[in-house]
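> Would you mind keeping the following structure in view while I ask a few things?
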Amino acid sequence: MRRSWSRYRRRFGSRETLPADAKAGFVLGVESVPDGLAAGLLAGVNPVFGLYGYLMGTLAGAFATGSFFMTVQVTGAMAVTISDVPLTQSGEQAGPALATLAVLTGVIMLGLGIAGLGSLVRFIPASVLIGFVNAVAVNIVLGQFDNFTGYESEGANRVLRALDTVFHPGRLSLLSIIIGLLTVALILGLERTRIGPLGLVLAIIVASGVAALFPDDVSVLADLTTVPDSLPTPQMPALELVPALILPALSLALIGLVQGAAVSGSVPNPDGRYPDPSTDFRGQGIANIVTGLMRGMPVGGSMSATSLVRSAGARTATANVVAAVTMALAIVLSAQIMGYVAMPALAALLIVVGLRTFKIHDIMLVVRTGPVPATVLVTTFGLTLLLPLQYAVLAGVAIAVVLHVARQSNTVVVRRWTFDDASVMPIEGEPPRTLAPQDEVIVTVYGSLFFAAAPVFLAQLPSVPASCRGTVVILRLRGKDDLGSTFIRAVSAYAGELNRAGGTLMVAGVSRAVTRQLEATGVIAIIGRDHVFEAEDRVGSSLAKAREAADRWRAGSA
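Start counting the sequence shown at 1; every next residue gets the next number (the UniProt record's numbering).
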């Protein structure tokens, strides 16, 4: 009981921390109202669903994540991905599909968290993430051209629709563009004042007030939907839609977890410790399930919202609870007012967000790293612009894996070690092209020894002539814990070729796991049990024993 109370106090603080948390939570809550509506607009769904996602995600995340400060809300990347899911975009199934998508995303996140796969995100290359995030930034900007200009464009994707807008300047609404530009100017100007983050809210209010002077010329939120003046009611998922939503749910889970991991790894808890990513996985999963059941959009750990609440002075998770309460009060008390929010103003907000998300210096860093990362980045970037995002992010990961395998298979290097009387340290050089009789060739292998590397490895070994009686090849494999069946077959074939030519193969520095692999596959019978030397704590001991055994073998074969 005392331990539970202690955890509660650490997470939610005390009377001393409440004033700072209340202030920070109020700032985040007020700022989240237009942000949530904009997220729904970006996703192409009822903007109120975006606000519901912000509300329920922030509240559930405050209790469920391992990070005390992580704010769980709809992120730009997730919103753009949702906009590419046809079931969520129109018709009577849109609402149930969105709820089902959020719950399914949460189940995947929760399952990964329970399995302790918090380290899973490190297998996604930075080139994929940077290409994806920057393409999402471009998609955010291009996707708002219609609301910003008042022209409903046509095209198969956002790029073509943006070009359609550019090619029809005479059909654009000058007043909508003026409202949008006014919003941008107000955001940039007010955020430099003492108002800070609340300047975003004031910018939307002022721009919408100007738009209200021209009620028939500028689209407002009420033109799209009736803004409810009550909190969301439960919405059960539609199980029949699950098969069609598995792939986008997997993509959303991947995106949310990667962005959440960035929060986990950069924002410590009040005790100075960084939260466990797997615990945050579980927390984001629970938040998505709650959000889906309450008609909200899929959510994930938001770096921007977390940074905002921290910079506003948050000291515990209570700040996120206060933010959720603030959003709930805004929904109940100001629903009619929200209906007058100008769509060009929300579009302008998203365009500012998109432009700030685009990181040219990250792109240049990847490009300068090498051709493989640059290829992955460009491919992911292009796919994200042209394809639905649920396919693009998975395709980017798949391409990265293929290119990584290709690169790793070509980085296997075989070197020869020789020893002289002047030093016990080896001299490293190129292995001979062909083995000579009565020779001792010690080869050490650098790189990853998996299936694709086997042909590259064999090509670098000295070729075996028809006869090389008395020749010993010592293969040093220290640090290799898993050879794989393809590589073991390659070693077996080389050992058999040596045996037929009158030579022999010895293996030094192998781990116990590799020895078991050689025994299980029967390869140890081809090499010879007394020709396999397991690694010891003293580096070089097993190699020394192999060299002594090689001398004895050559003497016996003479």
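In this text, a Cβ means the ideal position worked out from N, Cα and C, and glycines have one as well.
Distance, Cα to Cα, THR100 vs PRO237?
The straight-line gap from Cα to Cα measures roughly 4 Å.
> Which of the three DSSP states, helix, strand or coil, is assigned to ILE124?
Note: ILE124 maps to coil in three-state DSSP.
> Taking the C-alpha atoms as reference points, what is the distance between GLY50 and LEU87?
Approximately 16 Å between the Cα atoms of the pair.
> At the level of alpha carbons, what is the spacing between SER230 and VAL332?
So the alpha carbons of these two residues sit roughly 5 Å apart.
> Pull up the DSSP beta-bridge partners for ILE427, would you.
Bridge partners of ILE427: THR418.
> Less than 8 Å separating the beta-carbons of ASP280 and SER67?
Going by C-beta atoms, ASP280 is nearer than 8 Å to SER67.
> What are the boundary residues of the alpha helix (DSSP H) that GLY26 is part of?
The displayed chain sequence assigns Phe, not Gly, to residue 26. That run of the alpha helix (DSSP H) goes 18-43.
> Buried or exposed for THR193, please, with buried defined as at least 16 other CB atoms from any protein chain shown within 10 angstroms of its CB.
Under this definition THR193 is an exposed residue.
> In the DSSP assignment, find the unbroken beta strand (DSSP E) run with VAL159 in it and report its ends.
Run containing VAL159: none in the beta strand (DSSP E); it sits in the alpha helix (DSSP H), 158-166.
> Within the continuous beta strand (DSSP E) that includes TYR446, where are the two ends?
440-446 is the extent of the beta strand (DSSP E) around TYR446.
> Alpha carbon to alpha carbon, what distance is there between VAL30 and THR318?
Approximately 16 Å, taken between the alpha carbons.
> Who does VAL413 pair with in a DSSP beta bridge?
Note: VAL413 sits in a beta bridge opposite TYR446.
> Which runs of the alpha helix (DSSP H) spanning at least 4 residues fall entirely within the segment 155-235, listed in chain order?
Listed in chain order, the complete alpha helix (DSSP H) runs (minimum 4 residues) inside the segment 155-235 are 158-166, 174-190 and 198-212.
> For residue 593, I'd like the list of residues in its chain whose CB is within less than 7 Å of its CB, leaving aside the five on either flank, ordered along the chain.
In the structure displayed, the chain extends from 1 to 558; residue 593 sits before or after that span and is not available.
> Comparing alpha-carbon positions, which option in MET70, ALA244 and LEU250 lies nearest ALA94?
Of the listed residues, the one whose Cα sits closest to ALA94 is ALA244.
> Between THR81 and LEU387, what straight-line distance do the alpha-carbon atoms span, to the nearest angstrom?
Going from the Cα of THR81 to the Cα of LEU387 covers about 10 Å.
> In whole angstroms, give me the CA-to-CA distance for ALA546 and PRO455.
Between ALA546 and PRO455, the C-alpha separation is close to 25 Å.
> In this structure, how does DSSP classify GLY91 when only helix, strand and coil are distinguished?
In the structure shown, GLY91 sits in coil (DSSP, three-state: anything other than H, G, I, E or B).
> Out of PHE487, ASP35, GLN460 and LEU394, which one is the CA nearest neighbour of PRO248?
Among PHE487, ASP35, GLN460 and LEU394, the Cα nearest to that of PRO248 belongs to LEU394.
> Kindly indicate which residue of LEU241, LEU174 and LEU224 has the alpha-carbon position closest to the one of VAL214.
It should be noted that the sequence gives Phe, not Val, for residue 214. When each option's Cα is compared against that of PHE214, the closest is LEU174.
> For chain C, find out if any of its Cβ atoms is closer than 8 Å to the Cβ of GLY25; answer yes or no.
Among the protein chains of the structure shown there is no chain C, as only one such chain exists.
> Below 8 Å on the Cβ atoms is my contact criterion, and I expect ASN147 with MET343 to pass it. Report the Cβ-Cβ distance as a whole number of Å.
Rounded, the Cβ-Cβ distance is 5 Å, consistent with contact.
> Quick check on DSSP: helix, strand or coil for MET294?
MET294: coil per DSSP, three-state reduction.
> Would you kindly check if the distance between the Cβ of SER251 and the Cβ of THR71 is under 8 Å?
Cβ distance not < 8 Å, so THR71 and SER251 don't count as in contact.
> Could you spell out where the alpha helix (DSSP H) holding MET506 opens and where it closes?
Looking at the DSSP string, MET506 is not in any alpha helix (DSSP H); the run it does join, the beta strand (DSSP E), is 504-510.
> DSSP state of VAL472, grouped into three classes?
If DSSP states are grouped into helix, strand and coil, VAL472 belongs with the strands.
> Cα separation between SER83 and GLY300?
Cα-Cα distance, rounded: 16 Å.
> Rounded C-beta distance between ARG433 and SER467? I'm assuming under 8 Å.
Actually they are not in contact, since the Cβ atoms of ARG433 and SER467 sit about 16 Å apart, beyond 8 Å.
> If I measure Cβ to Cβ from LEU202 and keep anything under 8 Å in the same chain, skipping five residues before and after, which residues do I get?
Same-chain partners within the cutoff: LEU186, LEU190 and ILE195.
> Would you check if the segment 130-141 and the segment 274-288 touch, i.e. whether three or more CB-CB distances between them fall below 8 Å?
The segment 274-288, when compared against the segment 130-141, does not touch it at the 8 Å Cβ threshold.
> Give the straight-line distance between the Cα atoms of GLY509 and VAL445, rounded to the nearest whole angstrom.
So the alpha carbons of these two residues sit roughly 11 Å apart.
> Could you pull out every residue in the same chain whose Cβ sits closer than 6 Å to the Cβ of SER541, ignoring the five residues on either side in sequence?
Here the set comprises nothing.
> Hey, would you say PHE69 sits closer than 8 Å to ARG310, going by beta carbons?
Yes, they are a contact pair.
> For MET1, collect the residues of the same chain with a Cβ closer than 8 Å to its Cβ; drop the 5 residues on either side in sequence, then sort them by chain order.
Confidence at MET1 is low in this model, with a pLDDT of 47, below 50, so the placement of that residue should be treated as unreliable; the coordinate-derived value is given next. None.
> Got a sec? Which residues, its chain only, sit under 8 Å from GLY496 by beta carbon, not counting five neighbours each side?
Answer for GLY496: ILE526, listed in chain order.
> Is the beta carbon of ILE488 less than 8 Å from the beta carbon of GLN517?
Yes, these two residues count as a Cβ contact at 8 Å.
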